[in-house]
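**Student:** Just dropping this structure here.
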Amino acid sequence: MNKVVIITGASSGIGLATAQRLAKSGNKVYGLALNEFSDEAFECFRADVNDLDAIESIFETVKQKEGRIDVVINNAGFGIAGAIEYATPEMIQKIFDTNLTAVVKISSVAMKYLKETNGNLINISSVAGVLPIPFQACYSATKAAVLNFSLALDGEVRRFGVKVTAILPGDTKTGFTEARVVEGGEADYGGHIGKSIRRMEKDEQNGKSPDSVARVIEKTLKRRRPPLKVTVGAQYKVFVLLGKLLPTRFVNYILRKMYA
0 MNKVVIITGA SSGIGLATAQ RLAKSGNKVY GLALNEFSDE AFECFRADVN
50 DLDAIESIFE TVKQKEGRID VVINNAGFGI AGAIEYATPE MIQKIFDTNL
100 TAVVKISSVA MKYLKETNGN LINISSVAGV LPIPFQACYS ATKAAVLNFS
150 LALDGEVRRF GVKVTAILPG DTKTGFTEAR VVEGGEADYG GHIGKSIRRM
200 EKDEQNGKSP DSVARVIEKT LKRRRPPLKV TVGAQYKVFV LLGKLLPTRF
250 VNYILRKMYA
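Counting in numbering that gives the first Met the number 0, the sequence shown runs from 0 upward without gaps.
Have a look at this one:
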């Protein structure tokens, strides 16, 4: 492929697997990570995705060094769990800033570079953005917004040859599980919050490997006309389809029985 790629959240999970896979395929990969990180396959910058000045500087550094930027992958994000009434304003602000606002800002910075190369913008959404999960309301909301932002942005930039794709992973076995922030207690919920979180963790730890998502991203980048959205995994494709076909009340009932 021989593309110049920038990917956020490149120090672990889906981001790391994608950076390593794309580098192995002959692409020049630059990662962004919140903490100091190094990998022999690609160069990694330390940066907070919410620091717009740092992001702009990194993009210009890569452009000056490589002469172009072909692919930008917005992958960085985290989850919070618990009843929404217990969520602190600070944590609500943080998850929306990191999972959504940073995606919008980085996409804005990236666009002038991608217009020059008819490049690809890939945003990592989630099946939870289509099938919202109780006690993960903020996470589901941010991922639904990432999906809709990606679809709307495609309408703006397709005329310039820029391809936008939202990737929707299902349960994936990564460090995301341990990094999830759990807020509040069980008052008034009779143990349902703990039950829900244990179900989430079990599903994630028995989920697909990060490299399975990385393979889908690589395949998407190889397509001349990549799809607007890609759900990862056959079973999740079925779940998303059923979510469209079945009545909303019934779908929410099933999700409530599973996770609440």
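Ideal Cβ placement from N, Cα and C applies to all residues, glycine included.
1) Let me check understanding here. Comparing Cα to Cα, which of 201, 19, 89 and 95 lies closest to residue 258?
2) Output the boundary residues of the alpha helix (DSSP H) element that contains residue 221.
3) Is the CB-CB distance between residue 227 and residue 163 below 8 Å?
4) My parser needs the beta strand (DSSP E) runs of 3 or more residues fully inside the region 7–56; what are they?
5) Under the DSSP definition of a beta bridge, which residues are partnered with residue 162?
6) Report the option in 23, 188, 54 and 18 whose CA atom is closest to the CA atom of residue 30.
7) How should residue 66 be labelled, buried or exposed, when 16 other C-beta atoms within 10 angstroms of its C-beta is the threshold for buried?
8) Return the CA-CA distance between residue 172 and residue 191, expressed in angstroms with no decimal places.
9) Could you say if the region 68–85 and the region 174–186 meet the contact criterion of at least three C-beta pairs nearer than 8 Å?
10) To test your reading of the DSSP string, which unbroken alpha helix (DSSP H) runs of 4 or more residues are found completely within the region 56–100?
11) According to DSSP, is residue 167 part of a helix, a strand, or is it coil?
12) Along the chain, where does the alpha helix (DSSP H) containing residue 194 start, and where does it finish?
13) Could you check the C-alpha separation between residue 2 and residue 50 for me, to the nearest Å?
14) From this set, 59, 193, 21 and 75, which residue's C-alpha is nearest residue 138's C-alpha?
**Tutor:** Judging by the given coordinates:
1) Stepping through the sequence shown from its first residue, residue 258 is reached at position 259. Nearest option by C-alpha distance: 201.
2) Residue 221 sits at position 222 when you count from the first residue of the sequence shown. Run containing residue 221: 209–221, per the alpha helix (DSSP H) assignment.
3) Locating residue 227 in the sequence shown gives position 228, where the first residue counts as 1. Locating residue 163 in the sequence shown gives position 164, where the first residue counts as 1. Against a cut-off of 8 Å, the Cβ pair of residue 163 and residue 227 comes out as a contact.
4) Positions of the beta strand (DSSP E) runs, each at least 3 residues long and wholly inside the region 7–56, are given as 27–32 and 42–45 in order along the chain.
5) To locate residue 162, count along the sequence shown from 1; it is residue 163. The partner list for residue 162 (beta bridge, DSSP) reads 119.
6) Position 31 of the sequence shown holds residue 30. Minimum Cα-Cα distance from residue 30 among the listed residues 23, 188, 54 and 18 corresponds to 18.
7) Here residue 66 refers to the residue found at position 67 of the sequence shown. Sixteen is the threshold: since fewer than 16 other Cβ atoms of the shown chains lie within 10 Å of the Cβ of residue 66, the residue is exposed.
8) The sequence position of residue 172 within the sequence shown is 173, counting from 1. The sequence position of residue 191 within the sequence shown is 192, counting from 1. Between residue 172 and residue 191, the C-alpha separation is close to 23 Å.
9) The region 68–85 makes contact with the region 174–186: 3 or more CB pairs, one atom from each, lie closer than 8 Å.
10) As far as the region 56–100 is concerned, its whole alpha helix (DSSP H) runs of at least 4 residues are 88–95.
11) Start at 1 with the first residue of the sequence shown, and residue 167 comes out as number 168. Looking at residue 167 - three-state DSSP - the assignment turns out to be strand.
12) Within the sequence shown, the letter at position 195 stands for residue 194. Taken as a continuous stretch (DSSP letters only), the alpha helix (DSSP H) holding residue 194 covers 191–204.
13) Here residue 2 corresponds to residue number 3 of the sequence shown, with the count starting at 1. Here residue 50 corresponds to residue number 51 of the sequence shown, with the count starting at 1. Between the alpha carbons of residue 2 and residue 50 lies a distance of about 25 Å.
14) Taking the first residue of the sequence shown as 1, we reach residue 138 at position 139. It is 75 whose Cα lies nearest to the Cα of residue 138.
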